[in-house]
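Peer 1: Pasting in a structure now, in structure tokens, and then I'll have a few things to ask.
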Amino acid sequence: MPALNVEFTDDEMARLRARAALTGRSLKQHVHDVTVDEADRITFVDGAVAEAERVLPGVEARFPAGQR
Numbered sequence: 000m001p002a003l004n005v006e007f008t009d010d011e012m013a014r015l016r017a018r019a020a021l022t023g024r025s026l027k028q029h030v031h032d033v034t035v036d037e038a039d040r041i042t043f044v045d046g047a048v049a050e051a052e053r054v055l056p057g058v059e060a061r062f063p064a065g066q067r
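For the sequence shown, numbering that gives the first Met the number 0 begins at 0 and goes up steadily by one.
Here you go:
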């Protein structure tokens, strides 16, 4: 399985260890999950932006700016 060696400052490592302890995961599992979750979040946001761009013209047509 591929692996990655990442360097952190002492402060960054302490914060990561504290967060891992709060979630009950090992440091390795916490860093893995945060990385994967971020990639999933970016995919979700990209999809949401695309959907908003698709429907926004129809919404603007039905509810023109300045008319409330």
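Think of the CB as a built atom: it goes at the ideal place given N, C-alpha and C, for glycine as much as any other residue.
F62 to R53, Cα distance in whole Å?
Peer 2: Their Cα atoms are separated by approximately 16 Å.
Peer 1: Here's a check: name, in chain order, each residue in its chain whose Cβ is nearer than 6 Å to the Cβ of T34, leaving out the five neighbours to either side.
Peer 2: None.
Peer 1: Would you give the residue range spanned by the alpha helix (DSSP H) that E37 belongs to?
Peer 2: Per DSSP, E37 belongs to the alpha helix (DSSP H) from L26 to R61.
Peer 1: Within this structure, are the beta carbons of V20 and Q28 separated by less than 9 Å?
Peer 2: Sequence inspection shows Ala at residue 20; the Val mentioned does not correspond to that position. No; because the gap between Cβ atoms is not below 9 Å, this pair is not in contact.
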